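Visitor: Input: one structure, supplied below.
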Amino acid sequence: MALKKENLKQAVLWEAGEDKKVRCKLCNWRCLIDEGKLGRCNVRKNIGGVLYSLNYDKVCSANPDPIEKKPLFHFQPGTSSFSIATMGCNFRCEFCQNWQISQAAIEDGQIAGEPITPEQIVAAAVRSGCKSIAYTYTEPTIFMELCNDCGRLGKESGLTNVFVSNGFMTREAIDFAGEWLNGINIDLKSFNEDYYKRLCKARLGAVLDTIRYVAKETKIWLEVTTLLVPGENDSDEELKKLADFIVNEAGADVPWHISRFHPQYKYLDSVATPIETLERAERIGRAAGLHYIYLGNVPGSKLESTFCYNCGRLLIERVGYHISANHIENSCCPDCGVKIAGFEL
Ligand code: SF4
């Protein structure tokens, strides 16, 4: 079916080149796209020398979630976040937990999803009592036009905006979103270039640059997540390098979520991450100097809760995504008074 460009949303962050080629500047692939062709993410198309977003009006998920599910543990804890996604991704992770929507074969213009407008999304978020809109489940960079319109409208309505991202966006994209983006959780999947190349068809260096840039040059609240895949990214040496990177390049206050892997999608010849491996990673992160480390996908673990890094006081009690108590007072530990980093704690 031919796409009618008058029904499409023109893309943001691209430039025209010779022979009606366009250069997309949203993520670090920086695709140079011939007329009539798609970018690597399959959801941006060059039509007549102009880049269009094919998924702007194709929302495939829209529902309230606990903000803890993103996971963001130091960002408006205990609130709900209206979580939206469209299909597509710029990575090809073999173990993607949302592969049905991120990796589905996308026929040109045949992207599944509902034409929900930014106005309707913001109204639904407010109506359902959410404090924020989360752009999540798939990579938000590749539906930036929808994020931008929702983000601006949401901000006007008093909502905050958060990304759950693979961190492969360009600096231009971060600056573009910076006007309305308040928080981000970036996957730092490994500290090994070969891992990114082999298992994600991606590159590590650009993700490290994004983490550095967000932490040092923006006001966006940052948390980092690492999925530990047995035998792939769980050596002491690699975990130490990764934790040292967060401490030295982003800061000891950046929460690190260490997440348990379960076999899925194309990566099935493995076991789930042993709990001892997750606990070993936590000890390595603690020794590196990180203040806040959490275990994900381990229901009932003590390491779902927030403790004061200075005196050890239990601050936010969590069971799964549910918060049973928040003892933080004016962003400080009630016992020793040390400041606890975060956004509206
Ligand atoms: S978002 Fe990334 S993958 Fe998609 S067209 Fe732009 S540069 Fe290419």
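The numbering used here numbers the first residue of the sequence shown as 220 and each following residue consecutively.
We put the beta carbon where it would ideally sit given N, CA and C, even for glycine.
Just so we're clear, the structure is a prediction, and the values are computed from it rather than from any experiment.
1) Would you identify the three-state DSSP class for D413, choosing helix, strand or coil?
2) Bridge partners for P285 per DSSP, in chain order?
3) For the alpha helix (DSSP H) containing I320, name the first residue and the last one.
4) Got a sec: does the ligand SF4 put a non-hydrogen atom nearer than 7 Å to the Cβ of N309?
5) Apart from the five residues just before and just after V517, which ones in its own chain have a Cβ nearer than 8 Å to its Cβ?
6) Can you tell me whether Q295 is buried or exposed? The criterion is at least 16 other CB atoms within 10 Å of its CB, across all chains shown.
7) Please go through the same chain and pick out, in chain order, the residues whose beta-carbon is closer than 7 Å to the beta-carbon of L285, but skip the five residues on each side of it.
8) Would you list, in sequence order, the uninterrupted alpha helix (DSSP H) runs of no fewer than 4 residues that lie entirely inside the stretch 418 to 504?
9) Is there at least one non-hydrogen atom of the ligand SF4 closer than 7 Å to the beta-carbon of C243?
10) Who pairs with V406 in a beta bridge, going by DSSP?
11) Might you give, ordered along the chain, the residues of its own chain that have their beta carbon closer than 6 Å to the beta carbon of K277, omitting 5 neighbours on each side?
12) Could you name the residues of the same chain whose beta carbon sits closer than 7 Å to that of N309, not counting the 5 residues immediately before and after it, in chain order?
13) Using only CA atoms, which one of G255, V448, L407, C366 lies nearest to K240?
14) Can you determine whether any heavy atom of the ligand SF4 sits closer than 7 Å to the C-beta of W248, and answer yes or no?
15) Would you kindly work out how many angstroms separate the C-alpha atoms of E287 and T525, rounded to a whole number?
16) What's the C-alpha gap between D472 and G268?
17) Counting along the chain, where does the beta strand (DSSP E) carrying I542 start and finish?
Guide: A quick look at the data gives this:
1) Sequence index remark: in the sequence shown, residue 413 carries index 194 (1-based). Looking at D413 - three-state DSSP - the assignment turns out to be helix.
2) The sequence position of residue 285 within the sequence shown is 66, counting from 1. According to DSSP, which records beta bridges pairwise, P285 is partnered with S299.
3) If you number the sequence shown from 1, residue 320 lands on position 101. Run containing I320: 318 to 321, per the alpha helix (DSSP H) assignment.
4) Here residue 309 refers to the residue found at position 90 when the sequence shown is read from its first residue. N309: yes, Cβ under 7 Å from the ligand SF4.
5) Reading the sequence shown from its first residue, position 298 is the one you call residue 517. Closer than 8 Å at Cβ, skipping near neighbours: R479, I494, L497, E523.
6) Taking the sequence shown and counting its residues from 1, the one referred to as residue 295 is at position 76. Under this definition Q295 is a buried residue.
7) Locating residue 285 in the sequence shown gives position 66, where the first residue counts as 1. Looking at the sequence shown, residue 285 is not Leu but Pro. Cβ within range, chain order: S299, Y540.
8) 423 to 436, 455 to 464
9) One-based indexing of the sequence shown puts residue 243 at position 24. Checking every heavy atom of the ligand SF4 against the Cβ of C243, one is found closer than 7 Å.
10) The residue you call residue 406 lines up with position 187 of the sequence shown. Residue identity differs from the one stated: residue 406 is Asp in this sequence, not Val. In DSSP, D406 forms a bridge with T444.
11) As a first step, residue 277 must be located in the sequence shown, where it is residue number 58. Here the set comprises T305, I330, G332.
12) Within the sequence shown, the letter at position 90 stands for residue 309. Excluding positions up to five away in sequence, the list reads C246, W248, R259, C260, E358, T360, I361, F387.
13) Position 21 of the sequence shown holds residue 240. Nearest of G255, V448, L407, C366 to K240, Cα basis: G255.
14) Position 29 of the sequence shown holds residue 248. Yes, since a heavy atom of the ligand SF4 falls inside the 7 Å radius drawn around the Cβ of W248.
15) Taking the sequence shown and counting its residues from 1, the one referred to as residue 287 is at position 68. Taking the sequence shown and counting its residues from 1, the one referred to as residue 525 is at position 306. When rounded, the distance between both Cα atoms is 12 Å.
16) Within the sequence shown, residue 472 is the residue found at index 253, counting from 1. Within the sequence shown, residue 268 is the residue found at index 49, counting from 1. Spanning the two alpha carbons is a distance of roughly 45 Å.
17) If you number the sequence shown from 1, residue 542 lands on position 323. It spans 541 to 545 - the beta strand (DSSP E) in which I542 sits, taken as one unbroken run.
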